[in-house]
Amino acid sequence: TAKTYFGVPYHPKYWQNEDEKYFNAPLYLDCSGLIRQVIKDLRFKFGFELGMWNQAYQYDTLPIDLTFDQMRPGDLVFYSGTYYNTEFPPQKHDIVHVEIFTGGPTGEQTIGARLQRGVIQYFDSYKFKS
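In my numbering, the protein residues as written are 4 to 133.
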């Protein structure tokens, strides 16, 4: 289901100029928005929906820590970190990002909205430096 959102841009605030490809796109999804949308699409299969909150809220719904060898496609990968830009408020549990683990050909592949001026796509590894 997440793959149906490939190519959807991250957030409208990063596409302000009319000459940019994703200016006025019909849909924008950031990292937690992607997870929320996929859960909403699958709500009858899962039996629940997620509220309009961020990745820290999503982590709180089912905070299970797995080792890498326990990970399976569809598991969520939560990223903790510290915002050094003081315009961003501190996040609960220091959770700052979320992606969907697929494993894929690299064994570490994820689907996510990682780049502010990017689109939802595969990433070869869940490991990255911000």
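For glycine and all other residues, C-beta sits at the position ideal for the given N, C-alpha and C.
Continuous beta strand (DSSP E) stretch holding residue i: start and end
i, result
"I114", "112-115"
"S35", "Unbroken run through S35 is the alpha helix (DSSP H), 34-44; no beta strand (DSSP E)."
"T105", "98-106"
Rounded straight-line distance, which links the Cα of residue j to that of residue i
i, j, result
"F81", "K48", "23 Å"
"T4", "V41", "6 Å"
"F131", "I67", "21 Å"
"F9", "S133", "21 Å"
"E23", "P12", "11 Å"
"Q86", "F51", "The sequence shown places Tyr at residue 86, rather than the Gln named in the question. So the alpha carbons of these two residues sit roughly 31 Å apart."
"L45", "D72", "26 Å"
"W56", "P29", "21 Å"
"A59", "H14", "19 Å"
"I37", "Q61", "Here residue 37 is Leu; the residue named in the question, Ile, does not match the sequence. About 12 Å."
"M74", "P108", "15 Å"
"N27", "W18", "8 Å"
Helix, strand or coil at residue i [DSSP, three-state]
i, result
"P15", "helix"
"Y125", "strand"
"Y82", "strand"
"K48", "helix"
"Y8", "helix"
"D22", "coil"
"Q73", "helix"
Range of the contiguous alpha helix (DSSP H) that encloses residue i
i, result
"Q94", "Taken as a continuous stretch (DSSP letters only), Q94 belongs to no alpha helix (DSSP H), as it is neither H nor E."
"Y60", "58-64"
Rounded Cβ spacing between residue i and residue j (contact assumed at less than 8 Å)
i, j, result
"G106", "P76", "5 Å"
"K6", "I98", "Not confirmed; about 24 Å, so no contact."
"F126", "R117", "6 Å"
"L69", "D78", "7 Å"
"L32", "I103", "So it is not a contact: roughly 12 Å between Cβ atoms."
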